[in-house]
Amino acid sequence: MALQWWTALVRIIVPPSRTFGTHAALFGVNPWRLQSWMGHKRIDETMIYVHVAENHRREIPESVVAAGELEKDPDRRVLRMLGARGSHVAAASLPKPKEAAEAAS
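In this note's numbering, the protein residues as written are 1469 to 1573.
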């Protein structure tokens, strides 16, 4: 029972960091910078997110692009874009509690 609870919790908590890494790579952050931001010890851990972003490219919503347009610093531009993605990500990233519990069963 405790393992099922833990598995459901991990599925709820882990995806935001995965989403962050994938979207940061999609928005153009340097892989070495992303490695630092995510706290990875090895670049191959970070490159997973870069490869996922490359293999699943899709159009970035205009509101997200607009959020970073005026920023000259590339890191700040990506952070502004990540902050603007809000509703474009939230609904798809986190499973509903019932779905998480069913997935853990």
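No residue lacks a Cβ here, since even glycine has one placed at the ideal position from N, Cα and C.
Neighbourhood of GLU1539 by C-beta, 7 Å cutoff - its chain only, sequence neighbours within 5 removed
Within the sequence shown, the letter at position 71 stands for residue 1539. Contacts found: ARG1545, ARG1548.
Hey, THR1490 and VAL1520: beta-carbon distance below 7 Å or not?
On the sequence shown, position 22 is the one that residue 1490 refers to. On the sequence shown, position 52 is the one that residue 1520 refers to. Taking 7 Å as the Cβ cut-off, THR1490 and VAL1520 qualify as a contacting pair.
For GLY1536, is the classification buried or exposed, using 16 other Cβ atoms within 10 angstroms of its Cβ as the cut-off for buried?
Indexing the sequence shown from 1 puts residue 1536 at position 68. Buried, by the Cβ-count rule.
Delimiting residues of the alpha helix (DSSP H) encompassing GLU1522
In the sequence shown, residue 1522 corresponds to position 54, counting from 1. It spans 1511-1523 - the alpha helix (DSSP H) in which GLU1522 sits, taken as one unbroken run.
Taking all protein chains shown into account, do 16 or more other C-beta atoms lie within 10 angstroms of the C-beta of ALA1534, making it buried, or fewer, making it exposed?
In the sequence shown, the residue the question calls residue 1534 occupies position 66. So ALA1534 counts as exposed.
For the candidate residues GLY1551, LEU1550, ARG1486, whose alpha-carbon lies nearest to that of GLU1513?
By one-based count along the sequence shown, residue 1513 stands at place 45. Here the closest residue by C-alpha is ARG1486.
Using the Cα positions of PHE1488 and LEU1550, report the straight-line distance between them to the nearest angstrom.
As a first step, residue 1488 is located in the sequence shown; it is residue number 20 there, counting from the start. As a first step, residue 1550 is located in the sequence shown; it is residue number 82 there, counting from the start. For PHE1488 and LEU1550, the distance between alpha carbons rounds to 8 Å.
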